[in-house]
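Chains F and Z, in that order, are what the protein sequence lines are. First residue of the first sequence? That's 66 in this note's numbering, and the numbers climb one at a time after it. First residue of the second sequence? That's 66 in this note's numbering, and the numbers climb one at a time after it. Written below as structure tokens is the structure these notes are about.
Protein chains: 2
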Amino acid sequence: MAKVEIIATGNELLSCQVENTTTSFLQNQVLSMGHEITRLVTIGDDKEKIKEVIQEALTRADVVLITGGLGSTPDDLTREALAEAINHPLEFRTELWAKICEFFESRGRQSPPTSIKQAYLPYGATAIPNSVGTAAGIVQPLGNQVIIALPGPPEELREMFLQWVKPFLENHYFSPPAWKNYTLKVFGIGESTVQERLSSILGEWESSGVGISFIPTAGEVHLVLRVPENVDDQSVFAELLDKAQQLLGPDLYGVGEETLPGKVGELLQTKGLTVGVAESCTGGLIGSYITDVSGSSAYFLGGVVAYSNDVKKTLLGVGNQTLACKGAVSPETALEMARGIRRLLNSDIGLATTGIAGPTGAVPGKPVGTVYVGLATPSLSAVKKFFFPGLGRLAVKNLAAKSALDFLRRYLINSLEADRIEEKES
Amino acid sequence: MAKVEIIATGNELLSCQVENTTTSFLQNQVLSMGHEITRLVTIGDDKEKIKEVIQEALTRADVVLITGGLGSTPDDLTREALAEAINHPLEFRTELWAKICEFFESRGRQSPPTSIKQAYLPYGATAIPNSVGTAAGIVQPLGNQVIIALPGPPEELREMFLQWVKPFLENHYFSPPAWKNYTLKVFGIGESTVQERLSSILGEWESSGVGISFIPTAGEVHLVLRVPENVDDQSVFAELLDKAQQLLGPDLYGVGEETLPGKVGELLQTKGLTVGVAESCTGGLIGSYITDVSGSSAYFLGGVVAYSNDVKKTLLGVGNQTLACKGAVSPETALEMARGIRRLLNSDIGLATTGIAGPTGAVPGKPVGTVYVGLATPSLSAVKKFFFPGLGRLAVKNLAAKSALDFLRRYLINSLEADRIEEKES
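Set out below in structure tokens:
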């Protein structure tokens with residue numbers, strides 16, 4: 066397993082004028098080859114700073130990948146910085162100059178005088194051919210280390226990495242992958258609770274060389290396990306994975322690439338059930354999440370976005386009295402909306418949200434972030450209150466939509482926990 | 066102008082399990098305050114390495130921003146690394162611990178023992194309140210420099226930066242910005258067309274010291290102008306800005322912080338009109354976009370997600386014959402859906418989408434990415450075909466939803482361009 070550092074150069078990356086897509090491309094490539102990224106750096110077009118970053122990286126990494134700064138304009142300084150960093154002189158390469166001239170001639174143009182700097186390489190370096198433009202890449206071996214510089218334009222860099230750098234690294238520097246990732250995905254409990262729940266096995270994992278990261282993200286916690294391929298006893302790991310699934314119970318919604326809407330869809334399809342949604346505060350986001358899954362038309366009939374009270378009444382049949390006495394944001398309204406959408410669409414299940422996304426709209430006893438989720442089936446209806454305090458409007462909508470999907474998921478795996486469950490539709 | 070370095074910590078960022086959205090958020094914030102970003106670094110959950118990066122950054126930057134590693138799990142090491150980097154001991158803060166306990170109590174839970182580490186701060190540091198979670202941020206002043214550490218979850222970090230860090234930096238460290246950003250936002254034409262349209266004035270801008278960036282993003286192009294505050298003649302710039310707005314015409318939908326759903330809402334509210342949406346391929350996303358805007362209940366009545374043909378027929382009144390002869394994805398269906406939702410909700414305007422989001426579902430003559438948008442008012446109905454080839458399901462849904470909003474916007478500013486416009490509802 067080699068240690069790789071990636072250095073991206075360019076003022077436009079620091080000033081956010083261009084999104085840095087090449088670093089993540091290189092990250093993914095290096096990771097898929099089974100090796101470790103130890104640092105990512107982004108730096109401006111400044112020769113001294115680039116030189117400094119290269120020298121720092123060489124104190125730590127086996128492979129240093131640099132992007133950008135190989136063009137012909139005065140702000141392209143990677144070639145010079147690299148030569149100075151390792152104290153090798155720049156040499157004129159006749160064959161490179163011939164290729165540059167050929168590139169322009171084939172386009173009916175003369176090579177501009179500025180492009181001559183692209184024909185220089187540091188002593189001991191090899192050029193990486195560029196089939197798209199005039200900026201050759203640079204491979205500079207240094208004992209057991211290697212520096213590789215590639216041009217910044219993504220289409221040039223990708224081509225050159227895949228055609229040339231990847232096989233070069235595979236042949237010369239890289240060993241086969243040393244570890245594998247497993248991800249466990251949890252909804253409804255926080256990072257510290259996940260940790261507490263798993264406390265009896267975390268130590269065992271760590272002592273068997275498994276790396277563990279907790280990644281909290283928008284109501285979910287992802288637990289990423291990095292398992293060395295050379296662990297003698299993979300069965301021990303499999304056992305621990307089983308144990309973790311038991312400890313997390315119904316809060317574990319999926320593994321690997323699974324998503325919450327995908328999991329809900331899978332469960333509905335297995336059971337041959339259909340669903341319809343009635344959305345107030347989520348405004349259509351539940352429907353959008355469900356339809357992010359290809360094939361969702363097999364179980365998703367559709368929904369009603371009941372933003373106004375009129376729509377709640379006329380389409381979903383929420384009672385005048387419910388709205389007047391209990392309010393549009395109430396367990397009663399959520400229940401009636403869920404029953405109403407089920408009746409309206411003739412679906413097996415109705416799922417509904419009503420709440421206060423904010424920043425305005427709070428009423429006494431119902432602060433911003435209060436959300437009710439209702440669910441109705443032929444045999445029961447259930448409602449649960451959620452509270453997402455201190456968040457912006459979009460975050461409340463997002464957590465409300467995901468919590469509704471998770472409520473449905475728990476119903477489908479017979480683990481529903483609600484504030485109120487009525488056994489027969491009233 | 067202060068020099069700012071941003072350090073992102075987290076194994077998940079190096080291993081590409083999570084996209085690093087917080088660094089670009091912070092970049093944009095710091096740049097919009099008029100200051101310079103000198104280096105971006107991403108590093109794993111390793112105390113020694115985080116410590117080293119902090120020490121390096123302090124040799125160069127005025128402000129060091131760190132994200133991640135403030136949670137309660139063993140891989141959260143920023144607090145410890147920061148204390149060691151500056152050689153300040155960690156101290157237990159009673160008031161922080163009280164807040165953490167309160168956080169869990171308000172959720173009906175006991176604070177887990179692991180969260181006690183979140184009550185420690187380095188000597189001399191101040192806590193940044195976190196209204197979303199238990200991880201307080203850290204402000205550590207060091208003479209004329211300052212280190213600021215924020216938690217990794219984007220929703221926590223954003224809130225804390227905007228509420229606390231931004232005003233703090235404005236008051237204590239930052240000088241007034243040396244330039245100002247103007248953003249022009251365009252929908253419906255590509256980057257090169259925007260450039261061509263503005264070709265007569267781009268040179269003038271550049272020679273007057275204005276920096277120009279084109280940022281294409283999900284169907285939109287943002288043109289960012291960076292205007293030096295000390296430009297003698299601001300009136301010349303104002304004149305050029307006027308000219309640009311003329312050259313871009315109705316394709317320019319907004320400026321600055323304006324968004325497409327926000328602009329549509331503003332136009333509806335000014336004209337006193339209401340809208341209802343009927344969504345097939347977008348699955349609820351248009352409704353979700355509209356309701357992202359606070360106050361949208363003033364003009365958005367609601368909608369129907371008509372994913373199955375049954376819902377299209379029974380709720381929206383799309384004809385059996387239309388579905389059978391023209392198909393669910395057709396201009397005729399889009400028109401009938403738009404008229405249907407208007408009738409159903411009694412709104413001034415009906416807006417509808419039907420299309421093929423893919424990856425499956427293509428039929429001869431209607432490849433994946435084909436989308437029809439319909440619009441109906443008391444006096445006209447109109448339909449337009451869009452085509453988004455070569456994209457994934459989520460991208461097609463997103464472009465379809467935005468294109469529908471833009472179609473409505475153009476109607477509201479009397480610049481509707483449609484494939485077919487019928488003057489009277491048929």
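Beta carbons are placed, not taken as given, at the ideal position from N, Cα and C, and that holds for glycine.
Who are the neighbours of residue i on chain F, taking C-beta pairs under 7 Å?
i       : result
L161(Z) : Near L161(Z) there are no residues of chain F at all, since even the closest Cβ is about 15 Å away, more than 7 Å.
R474(Z) : Within chain F, no residue comes near R474(Z); the closest Cβ sits about 18 Å away, beyond 7 Å.
E170(Z) : Residues of chain F passing the Cβ test: none, with the nearest at roughly 13 Å.
V376(Z) : L366, G367, L410
Using a Cβ cut-off of 8 Å, pull out every chain F residue sitting near residue i, in sequence order please.
i       : result
N479(Z) : Going along chain F, no residue has its Cβ under 8 Å from N479(Z), so there is no contact; the nearest lies around 27 Å.
D357(Z) : G348, R458, L459, K462
G136(Z) : E256, S257, F279, P281
Going along chain Z in order, which residues have a C-beta closer than 9 Å to the C-beta of residue i?
i       : result
F365(F) : G348, V370, Y372, S373
E261(F) : P177, P178, T179
R104(F) : L79, V106, T107, I108, G109, K114, V118
A283(F) : P218, P219, E220
T425(F) : S359, G360
According to DSSP, which residues form a beta bridge with residue i?
i       : result
K449(Z) : V438(Z)
P281(F) : V286(F)
I414(F) : V340(F)
A200(F) : Note: A200(F) sits in no beta bridge, so no partner.
R485(Z) : V448(Z)
V129(F) : E70(F), I212(F)
L155(F) : P187(F)
R291(Z) : N246(Z), G276(Z)
L207(F) : Q210(F)
E101(Z) : K68(Z)
A520(F) : Lying outside 66 to 491, the shown extent of chain F, residue 520(F) is not represented and no answer is given.
F226(Z) : Looking at the DSSP assignment, F226(Z) forms no beta bridge with any residue, so it has no partner.
T509(Z) : One cannot answer for residue 509(Z) here, as it falls past the ends of chain Z, which runs 66 to 491.
V428(F) : K431(F)
G253(Z) : According to DSSP, G253(Z) bridges with nothing at all.
A192(F) : I203(F)
Leaving out five residues on either side along the sequence, give the residues of the same chain with a beta carbon under 8 Å from the beta carbon of residue i.
i       : result
D127(F) : A67, K68, V69, N209, Q210, V211, Y238
P454(Z) : P432, V433, G434
Y364(Z) : G330, L333, Q334, L338, T339, V340
S491(Z) : With a pLDDT of 48 at S491(Z), under the threshold of 50, the predicted position of this residue should be treated as unreliable, and no value is reported.
K462(F) : C346, T347, G348, L350, A422
With a cut-off of 8 Å on the beta carbons, I'd call residue i and residue j a contact; round off their distance for me.
i       : j       : result
A417(F) : K449(F) : The pair is not a contact, with the Cβ atoms about 11 Å apart (cut-off 8 Å).
L410(F) : V394(Z) : That pair is no contact at about 21 Å.
A148(F) : P154(F) : 7 Å
L332(F) : R474(F) : 7 Å
L350(F) : S373(Z) : In fact, because the Cβ distance is near 19 Å, the residues do not count as touching under 8 Å.
G136(Z) : A200(Z) : 6 Å
Go through its chain and collect everything with a Cβ distance to residue i's Cβ below 7 Å, but skip five positions before and after it.
i       : result
L105(Z) : I71, T88
G397(Z) : First, the residue type needs correcting, since residue 397(Z) is Glu and not Gly in the sequence shown. Excluding residues within five positions, the ones whose Cβ falls inside 7 Å are T387, K391.
S97(Z)  : N246
A427(F) : I421, V433
I165(F) : S176, S180, Q183, A184, T199
G253(Z) : D316, D471
E269(Z) : L305
Suppose the cutoff is 6 Å on Cβ atoms and the five residues either side in sequence are ignored; what does the same chain contact list for residue i look like?
i       : result
A150(F) : K116, I119, Q120
E101(F) : M66, K68
A441(F) : A403, R404, R407, G415
A163(F) : none
L477(Z) : L332
At 7 Å on the CB atoms, spell out the chain Z contacts of residue i, in chain order.
i       : result
T335(F) : Those do not exist, as T335(F) stays about 20 Å from chain Z at its closest Cβ, beyond 7 Å.
T258(F) : P177
Since residue i meets chain F, which of its residues come closer than 9 Å, beta carbon to beta carbon?
i       : result
G392(Z) : In chain order: nothing, as chain F lies at least about 15 Å away.
Q82(Z)  : N246, T248, S278, I280, H287, V289
For residue i, go through chain Z and note every residue whose CB falls closer than 8 Å to its CB, in chain order.
i       : result
I351(F) : G349
L312(F) : Those within 8 Å of L312(F) in chain Z number zero; the least Cβ separation is about 14 Å.
G455(F) : S196, V197, E224
Start-end ranges of the alpha helix (DSSP H) lying completely within the segment 326-390 of chain Z, minimum 4 residues: 350-356, 374-379
Hey, which unbroken runs of the beta strand (DSSP E) at 3 residues or more fall wholly within the segment 300-325 of chain Z? Runs found: 317-320.
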